[in-house]
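Colleague:
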């Protein structure tokens, strides 16, 4: 069953949350927050990063503001 999280204002995100480990979600959240000037005002973010399994991915997130994101997809980058 899909889980649609809510943002800090009680609004539901449009996409269900990705099924990835909590630790990995927090790593990506931290990276996005640390570079938020790059993402401010963008509704959908494509954030490339190294996963906790040492594979490269693009993480797709909905952005409702600083520290108010929903990671809804992770796509592995292939050689």
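In the UniProt record's numbering, the protein residues as written are 1 to 79. Here a beta-carbon is modelled for each residue, glycine too, at the ideal position from N, C-alpha and C.
1) So is residue 25 buried or exposed if we call it buried at 16+ other beta carbons inside 10 Å?
2) Let me confirm a value: residue 33 is counted as buried when at least 16 other C-beta atoms fall within 10 Å, else exposed. Which label applies?
3) Just to confirm my understanding: we take residue 36, look at its own chain, exclude 5 residues before and 5 after, and list those with CB closer than 6 Å. What are they?
4) Looking at the strands, I want to know which residues DSSP matches up with residue 45.
5) Is the separation between the beta-carbon of residue 73 and that of residue 60 shorter than 8 Å?
Modeller: If we stick to the structure as given:
1) For the purposes of this step, residue 25 is taken as residue 25 along the chain shown, with counting starting at 1. Answer is buried; the Cβ neighbour count reaches 16.
2) Mapped onto the chain shown, residue 33 falls at position 33. Under this definition residue 33 is an exposed residue.
3) Stepping through the chain shown from its first residue, residue 36 is reached at position 36. Hits under 6 Å: 66.
4) Here residue 45 is taken as the residue at index 45 of the chain shown, counted from 1. According to DSSP, which records beta bridges pairwise, residue 45 is partnered with 61.
5) Here residue 73 refers to the residue found at position 73 of the chain shown. Here residue 60 refers to the residue found at position 60 of the chain shown. Yes. Within cutoff.
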